[in-house]
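This report concerns only the one structure given below.
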Amino acid sequence: MKKFIQFLLIVLISFPVYALDDTSIIIEKLNDALKNKGQYVRLKEERILNFKKIKSDDLTKEQEYNYNKTLYTEYLKFNSDSAILYVKKNLKLASEIQNPELLNLANLQLVTLYSSSGKYRESEAILKSIDKKKLSKSLLQNYYVAYREFFEHYAANSYDVKYIQQIQKYRDSLLTILDPKTLNYQINKIQQIMSQKKGDIAEKQLLDLFKNTKEDDPQYAMITYLLGKIYETRHELELRKKYYALSATSDIKKANKDNASLQELALVFYETGDVDMAYKLTQSAIEDALYCNVQFRTLLMSEVYSIINTVYLEKEAKRKTELQLYLLCISLLSAFLIVAIIYVYKQMKKVSRIRGELFITSQKLAELNKDITETNNQLQERNAQLSESNHIKEEYIAHFFSLCSTYINKLENYRIILNKKATAKQFDEIYKMLKSTTLVDNELEELYKNFDVIFLNLYPTFVKDFNALLIKEEQIVLKQGELLNTELRIFALIRLGITDSVKIAAFLRYSLSTIYNYRTRARNKAAVSRNDFEEMVMKIGLISIKI
Numbered sequence: 323m324k325k326f327i328q329f330l331l332i333v334l335i336s337f338p339v340y341a342l343d344d345t346s347i348i349i350e351k352l353n354d355a356l357k358n359k360g361q362y363v364r365l366k367e368e369r370i371l372n373f374k375k376i377k378s379d380d381l382t383k384e385q386e387y388n389y390n391k392t393l394y395t396e397y398l399k400f401n402s403d404s405a406i407l408y409v410k411k412n413l414k415l416a417s418e419i420q421n422p423e424l425l426n427l428a429n430l431q432l433v434t435l436y437s438s439s440g441k442y443r444e445s446e447a448i449l450k451s452i453d454k455k456k457l458s459k460s461l462l463q464n465y466y467v468a469y470r471e472f473f474e475h476y477a478a479n480s481y482d483v484k485y486i487q488q489i490q491k492y493r494d495s496l497l498t499i500l501d502p503k504t505l506n507y508q509i510n511k512i513q514q515i516m517s518q519k520k521g522d523i524a525e526k527q528l529l530d531l532f533k534n535t536k537e538d539d540p541q542y543a544m545i546t547y548l549l550g551k552i553y554e555t556r557h558e559l560e561l562r563k564k565y566y567a568l569s570a571t572s573d574i575k576k577a578n579k580d581n582a583s584l585q586e587l588a589l590v591f592y593e594t595g596d597v598d599m600a601y602k603l604t605q606s607a608i609e610d611a612l613y614c615n616v617q618f619r620t621l622l623m624s625e626v627y628s629i630i631n632t633v634y635l636e637k638e639a640k641r642k643t644e645l646q647l648y649l650l651c652i653s654l655l656s657a658f659l660i661v662a663i664i665y666v667y668k669q670m671k672k673v674s675r676i677r678g679e680l681f682i683t684s685q686k687l688a689e690l691n692k693d694i695t696e697t698n699n700q701l702q703e704r705n706a707q708l709s710e711s712n713h714i715k716e717e718y719i720a721h722f723f724s725l726c727s728t729y730i731n732k733l734e735n736y737r738i739i740l741n742k743k744a745t746a747k748q749f750d751e752i753y754k755m756l757k758s759t760t761l762v763d764n765e766l767e768e769l770y771k772n773f774d775v776i777f778l779n780l781y782p783t784f785v786k787d788f789n790a791l792l793i794k795e796e797q798i799v800l801k802q803g804e805l806l807n808t809e810l811r812i813f814a815l816i817r818l819g820i821t822d823s824v825k826i827a828a829f830l831r832y833s834l835s836t837i838y839n840y841r842t843r844a845r846n847k848a849a850v851s852r853n854d855f856e857e858m859v860m861k862i863g864l865i866s867i868k869i
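For the sequence shown, the numbering used here begins at 323 and goes up steadily by one.
Pasting the structure below:
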């Protein structure tokens with residue numbers, strides 16, 4: 323239970339924040355619509371122009387009447403003068419074809435246009451000339467709508483309770499003949515409920531309509547406008563702002579110039595202290611009313627515009643005074659800044675001179691440090707070479723004594739064998755042994771094997787590092803069980819400091835030209851500079867090989 327109460331509190335606390343965010347998004351969309359207002363008007367004009375282009379020259383008068391009626395519908399809330407033009411054309415056509423139904427329809431259309439543009443007498447005269455008893459049910463709807471709108475427009479010019487009563491009277495009459503299933507009936511019924519001060523019922527019905535009506539529906543703007551009116555009576559500012567903004571956005575996108583939402587929304591922003599937004603909306607509403615020539619809207623806006631414009635001008639005057647004060651402050655600050663810049667410039671010149679001197683000194687120190695570093699590097703390299711040389715000497719001395727001892731033992735054994743053969747007078751055997759090269763070959767093979775083992779103990783990564791100095795395709799791949807091959811032994815000797823080809827040839831028992839060819843071929847396969855190749859071989863084990 324406790325957790326449920328906590329959850330409920332979180333929902334209740336977060337709801338107003340969500341509502342505010344929702345309204346902010348709607349206001350942003352309204353601002354976008356206002357920016358693109360001209361584009362929506364151009365689209366409307368293009369649609370009308372394209373419709374005019376498809377008119378055929380061989381239309382019957384009845385077809386031309388319907389064509390004009392479509393244009394009247396397009397111009398109705400867009401441009402009253404153009405709408406009147408096409409209604410008058412239809413009046414003429416209806417008279418020519420002597421069709422009372424079409425004549426009455428055109429007259430009723432003209433009534434609304436005249437009353438909205440301030441021609442109340444002409445509008446009233448037409449209404450009185452129409453015989454209500456002779457009207458069909460569909461025209462009777464137009465008749466009640468025309469009377470209701472006539473008094474709505476007239477009440478804007480001369481407010482009186484009796485005009486409000488007339489509006490309600492003709493709305494009630496209209497409801498008696500409208501189909502209850504239609505959206506038109508539902509909206510008029512809700513307006514009747516609102517006039518009876520039953521806001522809760524009206525709100526519920528309007529919210530149901532709002533949920534089920536798409537934004538592009540012609541009645542969407544009216545539904546949201548009426549919701550705004552309900553919340554206005556309840557002083558619910560955010561909801562009032564939200565629904566008036568939705569209504570205004572819908573009107574702008576449909577290029578509907580006869581709209582009330584912009585005016586109402588301007589008042590909301592004025593009440594909340596956002597004079598700039600109120601002024602922008604008022605300007606837009608007046609532009610629409612003048613564009614459409616809807617006089618009753620202009621009259622309704624005049625008083626509101628006067629109030630908002632006065633406050634806006636006062637605010638602008640205050641801004642101008644503040645701006646002048648800011649400019650004065652900026653001028654004083656600029657003067658101070660100029661003085662400061664001059665002072666700083668002089669100091670910077672002084673600092674620059676000192677920096678120049680310090681730079682020269684630092685260069686000298688850098689050169690000195692460089693010399694010291696180079697000297698240290700050379701010393702470290704010499705120490706490394708000495709250390710390596712000592713290490714090699716120690717290793718070789720140990721192996722040298724071991725090999726010497728081995729060879730002395732072998733010579734002693736060989737002497738004993740020869741002595742035995744001589745004592746036994748086996749001279750042929752002695753001659754055969756002395757003539758054979760097997761012993762020498764075996765000893766050479768043993769010598770090279772010992773050399774390979776000793777060398778690789780000293781430089782275990784020699785083969786890998788040597789290959790790193792060669793291009794990938796020419797790298798040496800040893801046979802199974804092979805430690806070094808002839809080419810590697812040549813460069814192993816070079817690594818040990820034996821660079822003389824004569825000495826290398828003597829040690830490996832190859833001709834001088836063979837050794838030279840091996841060395842040349844290796845330089846040609848080098849991934850590094852040919853001239854630096856053997857020098858880099860000399861450094862294997864001392865430095866990292868990087869290609």
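Just so it is clear, CB atoms sit at the ideal spot from N, CA and C, and this is done for glycine as well. The model shown is predicted, which means the values in this text are computed figures rather than measured ones.
{"query": "Closest Cα partner of LYS794 within the set ALA688, LYS847, TYR387", "result": "LYS847"}
{"query": "Same chain, Cβ closer than 8 Å to ASN353, five either side skipped, listed in chain order", "result": "none"}
{"query": "Alpha carbon of ILE349 to alpha carbon of ALA567, nearest angstrom", "result": "6 Å"}
{"query": "Min CB distance LEU462 to chain C below 7 Å", "result": "No chain C is present in this structure, which holds just one protein chain."}
{"query": "ILE452 and ASN426 closer than 7 Å at C-beta", "result": "yes"}
{"query": "Buried or exposed (CB count within 10 angstroms, at least 16 for buried), GLU525", "result": "buried"}
{"query": "Identity of the residues DSSP links to LEU792 by a beta bridge", "result": "ALA848"}
{"query": "Buried or exposed by the 16-neighbour rule on C-beta atoms within 10 Å, applied to TYR667", "result": "exposed"}
{"query": "Length of the line joining the Cα atoms of TYR553 and LEU413", "result": "43 Å"}
{"query": "Cβ-based burial, GLN585 [other Cβ within 10 Å; buried from 16]", "result": "buried"}
{"query": "One or two residues paired with ILE523 in a DSSP bridge", "result": "Bridge partners of ILE523: none, in fact."}
{"query": "Burial state of GLU471 (16 or more Cβ within 10 Å)", "result": "buried"}
{"query": "Cβ-based neighbour list, LEU415, same chain, cut-off 7 Å, excluding 5 preceding and 5 following", "result": "LYS383, GLU386, TYR387"}
{"query": "Three or more C-beta pairs below 8 Å linking the segment 503-518 and the segment 478-493", "result": "yes"}
{"query": "Minimum C-alpha distance to ARG443 - residue among LYS455, ALA428, TYR476", "result": "TYR476"}
{"query": "Nearest-angstrom Cα separation, counted from LEU766 out to GLN702", "result": "38 Å"}
{"query": "Pairwise C-alpha distance: LEU806 and ASN839", "result": "18 Å"}
{"query": "Endpoints, the alpha helix (DSSP H) within which SER566 is located", "result": "Residue identity differs from the one stated: residue 566 is Tyr in this sequence, not Ser. Element bounds for TYR566: 559-575."}
{"query": "DSSP three-state assignment for ILE419, whether helix, strand or coil", "result": "coil"}
{"query": "Cross-strand partners of ILE820 (DSSP beta bridge)", "result": "Beta-bridge pairing links ILE820 to no other residue."}
{"query": "Rounded separation between LEU873 and ALA582 - CA only", "result": "Since the first residue of the chain shown is 323 and the last is 869, residue 873 is not available in this structure."}
{"query": "Contact between the segment 780-800 and the segment 809-822 (3+ Cβ pairs under 8 Å)", "result": "yes"}
{"query": "Buried versus exposed, by CB contacts within 10 Å (16 or more), ARG562", "result": "buried"}
{"query": "Range of the contiguous alpha helix (DSSP H) that encloses ASN581", "result": "Where ASN581 is concerned, there is no enclosing alpha helix (DSSP H), given that its DSSP letter is neither H nor E."}
{"query": "Segments assigned alpha helix (DSSP H), at least 4 residues, entirely inside the segment 466-529", "result": "483-499, 505-517"}
{"query": "Exposure label - LYS686; buried when at least 16 CB within 10 Å", "result": "exposed"}
{"query": "Sequence-distant residues of its chain with Cβ nearer than 8 Å to LYS286 (five each side left out)", "result": "No answer is possible for residue 286: the residues shown for the chain start at 323 and end at 869."}
{"query": "Close beta carbons around LEU603, own chain, < 6 Å, minus the five adjacent residues each side", "result": "LEU584, LEU587, ALA588"}
{"query": "Rounded distance between the beta-carbons of LEU432 and ILE406, thought under 8 Å", "result": "7 Å"}
{"query": "Boundaries (first-last residue) of the alpha helix (DSSP H) holding PHE400", "result": "Run containing PHE400: none; DSSP gives neither H nor E here."}
{"query": "Distance between beta carbons of MET623 and ALA607, contact taken as under 8 Å", "result": "6 Å"}
{"query": "Nearest-angstrom Cβ-Cβ length linking GLN463 and ILE499, presumed shorter than 8 Å", "result": "6 Å"}
{"query": "Residue burial classification, MET670 (beta-carbon count within 10 angstroms, cutoff 16)", "result": "exposed"}
{"query": "Neighbour-count burial assignment, LYS551, 16 or more Cβ in a 10 Å radius", "result": "buried"}
{"query": "Rounded separation between ALA662 and LEU650 - CA only", "result": "18 Å"}
{"query": "Cβ contact (3+ pairs, closer than 8 Å) linking the segment 761-779 and the segment 849-862", "result": "no"}
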